[in-house]
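Numbering (my numbering), first residue to last: 51 to 321.
Taking it in order: structure first as structure tokens, then the write-up.
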């Protein structure tokens, strides 16, 4: 289960607004986890939307398995790329199982409706994400971490080689962040899925990714292994923050520690 995804001279923008992503060449390493990092407004989510075929290029192209993605049929693309956008909205009262079943839409036609293969794919997605016990519950009644697992299950039910996730850990507490990132790591390792994440947390990107792309103002400043990208110079150029980069004592991956001085709490001074 592999597909090749890349961008060639890709420029993107919204409606009549300015160009957000400008003439980028990007190659997503197949079978690996890639994280896109950068300050707010740098074009991370816009690039992800372009890769997912949600935005038409102003210039250049997104190429999926050797063919421009916008020349391919929507259902054919949906069989290869699954997308989890920021803050997905679910109809009120829709159950977990019904939502995950919607991931099978690309595999159905007028003459091929629900099948045993569809049922097996949904069951696998629910089991892998540990959402099977939630199947009958309304999605809008779940906790944040549970909802993220269910949305990932929807993407898994599509049985795509590539998963694109836009800030999948935002608004989750630390335990649920680690749960989601651990699940994605397991999917990559056991099912060889190519995963692309937009992340705000530099250290999570360093720990959980094989490949990191650092962006600023619609351009790519650096790309490569976390150890090659998460450096003091790149962080300063990308975020305008001075930091020290050390080895993470748990994972051995780069760990970014900001140099900014923080005020000492009054109670600490009193002691």
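Just so you know, even glycine gets a beta-carbon here, dropped at the ideal spot from N, CA and C.
Note that this is a predicted model, so its numbers are computed, not measured.
1. So what's residue 147 in DSSP terms, helix, strand or just coil?
2. So, are the CB atoms of residue 151 and residue 127 less than 7 Å apart?
3. Given residue 318, which residues of its chain have a CB within under 7 Å of its CB, disregarding the five upstream and five downstream residues?
4. Counting along the chain, where does the alpha helix (DSSP H) carrying residue 78 start and finish?
5. Entirely within the segment 100-170 and at least 3 residues each: give me those beta strand (DSSP E) ranges in chain order.
6. Cutting at 6 Å between CB atoms, please list the residues of its own chain near residue 82, excluding the five before and the five after it.
7. Taking the alpha helix (DSSP H) that residue 287 belongs to, which residues open and close that run?
8. Which residue comes first and which comes last in the beta strand (DSSP E) that contains residue 180?
9. By how many angstroms is the C-alpha of residue 214 removed from the C-alpha of residue 177?
10. For residue 278, which three-state DSSP category applies?
11. I need the DSSP call for residue 260, collapsed to helix, strand or coil.
12. Can you tell me whether DSSP reads residue 235 as helix, strand or coil?
13. State the beta-bridge partners of residue 58 as determined by DSSP.
14. Counting along the chain, where does the alpha helix (DSSP H) carrying residue 200 start and finish?
15. Looking at residue 87 and residue 249, is the spacing between their C-beta atoms short of 7 Å?
16. Among 119, 143, 210 and 139, whose alpha-carbon lies nearest the alpha-carbon of residue 155?
17. Should the segment 296-308 be called in touch with the segment 99-110, which here means at least 3 C-beta pairs below 8 Å?
18. How is the beta strand (DSSP E) around residue 85 delimited, first residue to last?
19. Could you say which of 257, 296 and 279 lies nearest to residue 263 if we only look at CA atoms?
20. Under the DSSP definition of a beta bridge, which residues are partnered with residue 306?
21. In chain order, what residues of the same chain lie with their CB nearer than 7 Å to the CB of residue 77, ignoring the 5 residues before and after it?
Judging by the given coordinates:
1. By one-based count along the chain shown, residue 147 stands at place 97. DSSP places residue 147 in helix when its eight states are reduced to three.
2. One-based indexing of the chain shown puts residue 151 at position 101. One-based indexing of the chain shown puts residue 127 at position 77. Note that the C-beta distance between residue 151 and residue 127 is not below 7 Å.
3. To locate residue 318, count along the chain shown from 1; it is residue 268. Any reading at residue 318 must be qualified, since the residue scores a pLDDT of 48, below 50, and its modelled position is unreliable; the value itself is stated next. Within the same chain, residue 318 has no close Cβ partners at all.
4. The residue given as residue 78 occupies position 28 in the chain shown. No alpha helix (DSSP H) contains residue 78, which is instead part of the beta strand (DSSP E) from 69-78.
5. DSSP runs (the beta strand (DSSP E)) wholly in the segment 100-170: 109-114 and 131-134.
6. Within the chain shown, the letter at position 32 stands for residue 82. Around residue 82: 260 and 261.
7. For this step, residue 287 is matched to residue 237 along the chain shown. 282-289 is the extent of the alpha helix (DSSP H) around residue 287.
8. Working through the chain shown from its first residue, we reach residue 180 at position 130. Per DSSP, residue 180 belongs to no beta strand (DSSP E) and is neither H nor E.
9. Counting from one through the chain shown, the residue named residue 177 turns up at place 127. Counting from one through the chain shown, the residue named residue 214 turns up at place 164. If I take the Cα positions, the gap works out to 20 Å.
10. Indexing the chain shown from 1 puts residue 278 at position 228. Of the three classes helix, strand and coil, the one that applies to residue 278 here is helix, per DSSP.
11. The residue labelled residue 260 in the question sits at position 210 within the chain shown. Of the three classes helix, strand and coil, the one that applies to residue 260 here is coil, per DSSP.
12. Here residue 235 refers to the residue found at position 185 when the chain shown is read from its first residue. Residue 235 carries a helical assignment under DSSP once its states are collapsed to helix, strand and coil.
13. Locating residue 58 in the chain shown gives position 8, counting from the first residue. 111, per the DSSP bridge assignment.
14. Taking the chain shown and counting its residues from 1, the one referred to as residue 200 is at position 150. Run containing residue 200: 194-207, per the alpha helix (DSSP H) assignment.
15. Taking the first residue of the chain shown as 1, we reach residue 249 at position 199. Taking the first residue of the chain shown as 1, we reach residue 87 at position 37. Yes. Within cutoff.
16. In the chain shown, residue 155 corresponds to position 105, counting from 1. Per the Cα distances, 210.
17. As far as the Cβ criterion goes, the segment 296-308 does not touch the segment 99-110, which means the pair count is below three.
18. In the chain shown, residue 85 corresponds to position 35, counting from 1. Note, residue 85: beta strand (DSSP E), 83-88.
19. Within the chain shown, the letter at position 213 stands for residue 263. Nearest C-alpha to residue 263: 279.
20. Residue mapping note: residue 306 aligns to position 256 of the chain shown, counting from 1. Answer by DSSP bridge pairing, in chain order: 295.
21. Translated into the one-based positions of the chain shown, residue 77 becomes position 27. Contacts found: 56.
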